[in-house]
Amino acid sequence: MIELREISKTVRSGDHSLTILHPLTLDIARGQFMAIVGPSGSGKSTLLGLIAGLDAPTSGSVRIDGVDITRLGEDALARLRGEKIGFMFQFFHLIPSLTAYENVAVPMEIARTADIRRRAQSLLEEVGLTLRAHHYPAQLSGGEQQRVALARALANDPPILLADEPTGNLDTATGRYILDLLREIHRARGTTIILVTHDAELAALADSRLVLRDGRAVE
Amino acid sequence: MRFILQMAVRETRAAWRRLLFFFVCIAVGVAAIVALRSVIQNVREVFGTEAKALIAADVVINTTRDWTPSAIEIIDRRLSESGATSRTETISSPTMARPADQSRKVARAVELKAVQPAFPLYGSITLEGGQTYSHALVEHHGALVRPELLTTLGLRVGDEIIIGRAEFTIRGVIASEPGRGMGQFSLGPRVLIDFDDVPSTGLLGLGSRAARQWLFKVPEDRIDALVTTLRGELRQESATARSYRSNEDQIGRNFDRAENYLSLVGLIIVILGGIAVSSVTRVFILQKIRSIAVLKCVGARSRDVISIYILQVVALGLAGSLLGVLLARIAVGAIPLALGASSPSILAEAHYAVTWSAALQGIAIGVLVSLLFSVVPLLHVRFVKPSLLLREESTPPTRDLVGLAAIAGVAAALVAVAVWQAGSFRIGVLVCAGFTGVAVVLHLTGRALVAVVAPLANARSFPLRHAVLHLSRPGNQTRVILLAVGLGAFFIVGIRSLQASLLGEFSIQVSSDSPDMFLLDIQTTEVDLVRAFVTDPASGAGPAQFLPVLHARVVGVEGRDSALDDPLEPPSRGRGPEGARPRGGPLAREFTVTYRDHLEPNERIIAGTFWRGASPDAEVSIEQGIQERSGIKVGDTMRFDILGRMISARVTSVRNVEWRDSRNGGFMFVFRPGALDQAPQTFVAPLKGPADPAARARFQHDLVARFPNVSVIDVHEILETVRDVMRKVTFAITVVGGLVLFSGALILIGAVAMTKYQRVYEAAVFKTLGANTRTIARMLLFEYGVLGSLAGLVGSLGAIVLTWGVSRYALDIPWRIFAGEHAAGVLLTAVLVAAIGVLSSLDVLRNKPLATLRAE
């Protein structure tokens, strides 16, 4: 269960302050597949970052399974992400110095999960990349990189998966393939998925939608 | 821990090309340290042996009286306590020698030295004609003599001479001997006899001028303590103790200076290596920021990430250090090959090997320096926010107490490393202070530069405009390059200038135009005749100066405030007549004085005025040291007793005498011509004698034959010994200085070349946008050229301050500015940095941009 209470984000830009996200209250039930949509600069990614504890809100609180994550320190947040939250980015953000297999293994190594090798291989198999396990990100196509990122996001079998424009950098067919994978994961594992997109067609596939414009929820 | 270990290995594997720079920096730095330290240690051993040969022992105790039972008891006790391994006694005395053949009425003042079988404890006596020295040669009234004596007395090996009441057979000719290099005047050529034969000469009776010496070998670590103890305890016995390390003479001081310089060089190599490591680590971390954000996003804590990189740095530091030791072994092993067997250098005499202590020290320093210099850049990891992956944003600067504490801790550790490396607290702190000062100036210069060049951002030239923008854009490297290169230039130029200063200092002492012969006791009536003899081209001697000398005692100083009583004046002395106080302390001895109407080149007036021309009123100019010790001021009237004649002279000036350059002698008291013209006096003539030994002996023989009352003191042999040693030291310093320049430049090249990784992406984008290779190259040339010139300028100016501090407080030599070194420093730094900037980016300039863009 994710509970957002009056969360807002204001950043300073030179002498001005700019509110990216106006106070927002929202509950996301366990197992829900939600899409956050809106044009560029509407605050979608900021909201996602706040839910993941990647960023601190200017006001309000974020509770995950009853724990107010805005009160946690950086290290505790890191642990929480390692255990409960998987994250996918528009630009994949794989570690360029690690192979696909190692990128997937890293979250498990940090969390000291047992049986890392077998799990990492099975995740790569799930995303169809068994043969590319020992390739570096620079040797993979955009779609392959995003599949590795998905496998990495699922490494510790988190109850929550956050995806920031996961298909934004991919061609339509590959984007569709990634989306199918996400839906399959949602169905099979019951993972709560929050997907940020500005593509209304993709958003239509979700259970529910939150539409943001200029940092305010309009729908 | 397993995760940290795994990540460190993966990171190293993936970034090995970039880390190679880091690795090479450490390896070169450590190689330089280990090679230098080893060479220094090897050379020091030779320095030590040379220095020991100069006094023929580790420790020498001298007295001009007979050994008293209490003195012998003290010496025996202290030596057995300090574990002395061998000892020998010698007696030296000035005396006369003449042929046993009564028909030949010639005689010559000689320096007699009587030795026991163990002499010399260090060094060796070499004889002419390939004869080997053994004590048997002098036993039973044998004598070894210098060739000058044979010439002046017209003798040959096998002839007999009379010394005191005994007859000796000349059994060999001395070419060189140890224990004869300490700068003391000798009254004549050396005659070496057996210690047991001394009593037969009768030279040890009442009024004897014999000096007795005990020479000892003592374990190295006990020497200083032993000398200090003996000095205190033997003061009452009128005996003095000194070690080969005592720097009471010029040579000893020069050894000290050379050693201090070499320690300084070792330290600076470490700092240069550290600067490079710091620069490399910073660039490395900057490139890793996104990966760090990802790690944090998937659950890693800051300390995990820092641990990964620290582990990596330590492992690389260790591996680099080991490679450095290997490189040092190769380099040190190659030295004898490079020098060749015939090289007349101290380096050729040393035994070459990497010493264990140098290797361990190098490895410790390599790991420590890489760690210390990496800590501060690595702390930046804490501020990397995972939200960076969602949105590019700069972290607002916050007050970072942990960072400040770390910087303070690292600074303290670095000062400790510096002091350890320099082997001297003073040098370590001085260098660190210079380092900090220059770093601050460079930082401010960086800010000023950005402000000053800002208007050029509107320049019409595209490369110039973008070069200026690079200097001031966010995340620019202006300050980093200025700091690394500026500090590098600071140390390298500093070392070069100090080297020039030190060698300049030595060269005065080894200059071949110094007088090496002194003619004494020339009567006033003989001056013109002797001058004619000397200047006769047939004599082969250089031009001589004739200085009038008189022997004077200071009887009193009048017109002095009693509050300025000389603290050294013995309390038992009362007031002299007419209220004048006889002075004790520094004035209680006989002085050799002179008069003249000009200053010598090594003199300058620091108080009062020096006279012009002669005057019947007596005026005296006093030397600065004696003025400081006695407290006499300009305007005081001093009373002198000159062989029974009382003369009152007003002090009209104080002179600073550069004793290091006292080629024409130095005088404590110089009088104005006029008052002393009629006083009893003789003349001294310093001159450069003929170079050829045979001509030299003939010159002395002819001179003494014609002017029997004139004495000749030949210091050629002593000067040659000093020159020889100083030439060796000079060569060693030059080689080491060259090594610093080479390795320092190599390290800086690495540090600057590393910054190319921040240029790669930009250059690729520019190429995509249509900029050609030439435009980008010119852009880089402008940017790096400006940075190099400024860094060189600040570094060179800072080096002036460094050389001042080190010359004055650590090496104890006069401070000199070598404009050429500093100008070359600025120019070469600018050219080097600009060249590296362009050359290191050559691959970017040549390659297709897509690969770079994809990789980024």
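Residue numbers (the numbering used here), protein chains in the order written: chain A, 1 to 219; chain B, 220 to 1075.
Backbone N, C-alpha and C fix where the C-beta goes; we use that ideal spot for every residue, glycine too.
Using only the alpha-carbon positions, how far apart do residue i and residue j sit?
i                   : j                   : result
Met-189 of chain B  : Ile-851 of chain B  : Residue 189 of chain B lies beyond the stretch modelled for chain B, which goes from 220 to 1075, so this question has no answer here.
Gly-391 of chain B  : Val-376 of chain B  : 6 Å
Gly-1024 of chain B : Leu-649 of chain B  : 7 Å
Phe-435 of chain B  : Glu-292 of chain B  : 16 Å
Glu-797 of chain B  : Leu-1030 of chain B : Residue confidence is low: Glu-797 of chain B scores 36 on pLDDT, short of 50, so the model does not pin down where it sits. No coordinate-derived value is stated.
Met-887 of chain B  : Ile-841 of chain B  : 6 Å
Ile-549 of chain B  : Met-226 of chain B  : 34 Å
Leu-623 of chain B  : Arg-698 of chain B  : 19 Å
Thr-743 of chain B  : Asp-896 of chain B  : 10 Å
Thr-574 of chain B  : Gly-536 of chain B  : 20 Å
Lys-604 of chain B  : Arg-81 of chain A   : 14 Å
Ser-791 of chain B  : Thr-811 of chain B  : Unreliable positioning characterises Ser-791 of chain B in this predicted model, as indicated by a pLDDT of 37, which lies under 50. The coordinate reading is nonetheless provided below. So the alpha carbons of these two residues sit roughly 26 Å apart.
Val-594 of chain B  : Ala-625 of chain B  : 8 Å
Asn-695 of chain B  : Gly-653 of chain B  : 26 Å
Ser-312 of chain B  : Val-329 of chain B  : 8 Å
Nearest by alpha-carbon distance to residue i: which of the options is it?
i                   : options                                       : result
Thr-818 of chain B  : B:Pro-892, B:Thr-697 and B:Gly-854            : Reading off the sequence, residue 818 of chain B comes out as Leu, not Thr. For the residues B:Pro-892, B:Thr-697 and B:Gly-854, the minimum Cα distance to Leu-818 of chain B belongs to B:Pro-892.
Thr-167 of chain A  : A:Tyr-177, A:Pro-159, A:Met-34 and A:Ile-160  : A:Tyr-177
Gly-642 of chain B  : B:Val-484, B:Val-853 and B:Pro-756            : B:Val-484
Val-923 of chain B  : B:Ser-301, B:Val-325 and B:Glu-1040           : B:Val-325
Asp-171 of chain A  : A:Leu-195, A:Gln-90, A:Ala-138 and A:Leu-212  : A:Gln-90
Val-532 of chain B  : B:Gly-518, B:Arg-520, B:Val-517 and B:Arg-501 : B:Arg-501
Leu-514 of chain B  : A:Leu-47, A:Arg-112 and A:Leu-94              : A:Leu-94
Leu-1047 of chain B : B:Gly-1004, B:Ala-319 and B:Ile-700           : B:Gly-1004
Asn-821 of chain B  : B:Leu-449, B:Ser-540, B:Arg-715 and B:Gln-843 : B:Gln-843
Val-588 of chain B  : B:Glu-379, B:Ala-630 and B:Val-621            : B:Ala-630
Considering only the beta carbon of each residue, do residue i and residue j sit closer than 8 Å?
i                   : j                   : result
Val-763 of chain B  : Leu-938 of chain B  : Note that residue 763 of chain B is Ala in the sequence shown here, rather than Val. Not a contact, by the Cβ cut-off of 8 Å.
Val-524 of chain B  : Val-638 of chain B  : no
Ala-385 of chain B  : Ser-353 of chain B  : no
Gln-900 of chain B  : Val-768 of chain B  : yes
Leu-1064 of chain B : Thr-992 of chain B  : yes
Ala-572 of chain B  : Ala-254 of chain B  : no
Thr-197 of chain A  : Ala-35 of chain A   : yes
Ser-59 of chain A   : Glu-6 of chain A    : yes
Thr-309 of chain B  : Ser-457 of chain B  : no
Ala-719 of chain B  : Phe-1037 of chain B : yes
Leu-212 of chain A  : Gly-43 of chain A   : yes
Glu-838 of chain B  : Arg-815 of chain B  : no
If you reduce the DSSP assignment to three classes, tell me which class residue i lands in.
i                   : result
Gly-168 of chain A  : coil
Pro-905 of chain B  : strand
Tyr-1028 of chain B : helix
Val-258 of chain B  : helix
Phe-926 of chain B  : coil
Asn-875 of chain B  : strand
Lys-975 of chain B  : coil
Glu-3 of chain A    : strand
Ser-13 of chain A   : strand
Gln-580 of chain B  : helix
Gln-432 of chain B  : strand
Asp-921 of chain B  : helix
Asn-677 of chain B  : helix
Leu-1021 of chain B : helix
Gly-38 of chain A   : coil
Glu-125 of chain A  : helix
Glu-387 of chain B  : Residue identity check: residue 387 of chain B is Phe in the sequence provided, not Glu. Three-state DSSP puts Phe-387 of chain B in a strand.
For a contact meaning CB atoms closer than 8 Å, what does residue i contact in chain D?
i                  : result
Arg-229 of chain B : This model lacks chain D altogether; the protein chains it does include are A and B.
Using 7 Å as the cut-off, classify the Cβ of residue i as near or not near the heavy atoms of the ligand ZN, replying yes or no.
i                  : result
Val-586 of chain B : As far as ligands go, the structure on display features none, and thus does not contain the ligand ZN.
### Task
Could you tell me whether the region 183-190 of chain A touches the region 99-107 of chain A, where touching means 3 or more Cβ pairs closer than 8 Å?
no
### Task
Kindly confirm or deny that the region 1049-1056 of chain B and the region 745-752 of chain B touch, where touching means at least three C-beta pairs closer than 8 Å.
no
### Message
Under 8 Å: do the region 88-103 of chain A and the region 130-142 of chain A share three or more Cβ pairs, one atom per stretch?
### Response
yes
### Query
Would you say the region 498-514 of chain B touches the region 63-73 of chain A, given that touching needs at least three Cβ pairs under 8 Å?
no
### Task
Would you check if the region 657-677 of chain B and the region 1007-1022 of chain B touch, i.e. whether three or more CB-CB distances between them fall below 8 Å?
yes
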